[in-house]
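I have placed the structure first, in the form of structure tokens, so that the comments after it can refer back to it.
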Amino acid sequence: MKSNQSKSGFVSLAIMVALTAVSFVGCAESSTKKNEDVTLLTYLVSNPHAPVGAQADCVVSVGLINSCVGAKVQVDAGANCSLVTIADNQAIGADYATIKTNVIKKYNELKCNIAENKYATASAAIDAFKEPLTFTSTADATSKVVFSAPTYY
Numbered sequence: 012m013k014s015n016q017s018k019s020g021f022v023s024l025a026i027m028v029a030l031t032a033v034s035f036v037g038c039a040e041s042s043t044k045k046n047e048d049v050t051l052l053t054y055l056v057s058n059p060h061a062p063v064g065a066q067a068d069c070v071v072s073v074g075l076i077n078s079c080v081g082a083k084v085q086v087d088a089g090a091n092c093s094l095v096t097i098a099d100n101q102a103i104g105a106d107y108a109t110i111k112t113n114v115i116k117k118y119n120e121l122k123c124n125i126a127e128n129k130y131a132t133a134s135a136a137i138d139a140f141k142e143p144l145t146f147t148s149t150a151d152a153t154s155k156v157v158f159s160a161p162t163y164y
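Here it is in structure tokens:
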């Protein structure tokens, strides 16, 4: 009797694992078919800590810019919102809260939720958002752009 219970428990466990695997595959396929932005999801899954402060502001800005990109190649949140990159930019005067506010304003002006207003490349979207992404460096008084061209496929 004990071996039958073990077998049925094992079969139940195997079915649960199989269903879970199928649901993950289904999610991945559906997001690919819908051409959804997976760069932020990838960033959040690979980053062990929830973004806070400047990093959270950076991630929001990348998400908004990526929603204006019509192609699959998008701005890489991992490269642009890494703690090292943010610390380097903050050391010379970048204020990510202000940048996020300016990106939100520009996003509303560009009306990227309409398909014909989307940009063909991530670089073109960054160029469109160049003004809100620019700050004056306290180190040498030059204008610096917070995001660079690293993209995610």
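Under the working numbering, the first residue of the sequence shown is numbered 12, with each subsequent residue one higher. From the three backbone atoms N, C-alpha and C, an ideal C-beta is built for every residue, glycine too.
Close Cβ partners of residue i (< 7 angstroms) along its chain, the five nearest in sequence each way excluded
| i | result |
| --- | --- |
| residue 130 | 79, 80, 81, 136 and 139 |
| residue 128 | 121 and 122 |
| residue 156 | 141, 144 and 145 |
| residue 40 | The pLDDT assigned to residue 40 is 42, lower than 50, so where the model puts this residue is not dependable; a value taken from the coordinates is nonetheless given after this. If we look at residue 40 and ignore the five residues flanking it on each side, it has no Cβ neighbours. |
| residue 124 | none |
| residue 154 | 145 and 147 |
| residue 98 | none |
Beta-carbon spacing of residue i, residue j below 8 angstroms
| i | j | result |
| --- | --- | --- |
| residue 105 | residue 146 | yes |
| residue 116 | residue 143 | yes |
| residue 70 | residue 92 | yes |
| residue 132 | residue 95 | no |
| residue 72 | residue 103 | no |
Residues of its chain near residue i, where Cβ-Cβ distance is below 8 angstroms and the 5 sequence neighbours each way are ignored
| i | result |
| --- | --- |
| residue 101 | 65 and 107 |
First and last residue of the uninterrupted alpha helix (DSSP H) at residue i
| i | result |
| --- | --- |
| residue 95 | 94-102 |
| residue 70 | 65-77 |
| residue 134 | 133-139 |
| residue 91 | 88-91 |
| residue 115 | 107-121 |
Cβ distance (whole Å) where residue i is taken to contact residue j below 8 angstroms
| i | j | result |
| --- | --- | --- |
| residue 151 | residue 110 | That pair is no contact at about 19 angstroms. |
First and last residue of the uninterrupted beta strand (DSSP E) at residue i
| i | result |
| --- | --- |
| residue 156 | 154-156 |
| residue 145 | 145-147 |
Beta-carbon contacts of residue i that lie in its chain and below 6 angstroms, excluding the five residues immediately before and after
| i | result |
| --- | --- |
| residue 76 | 86, 136 and 140 |
| residue 61 | none |
| residue 118 | 75 |
| residue 113 | 143 |
| residue 126 | none |
Proximity test, Cβ basis, 8 angstroms: residue i and chain D
| i | result |
| --- | --- |
| residue 106 | Any reference to chain D falls outside this structure, which holds one protein chain only. |
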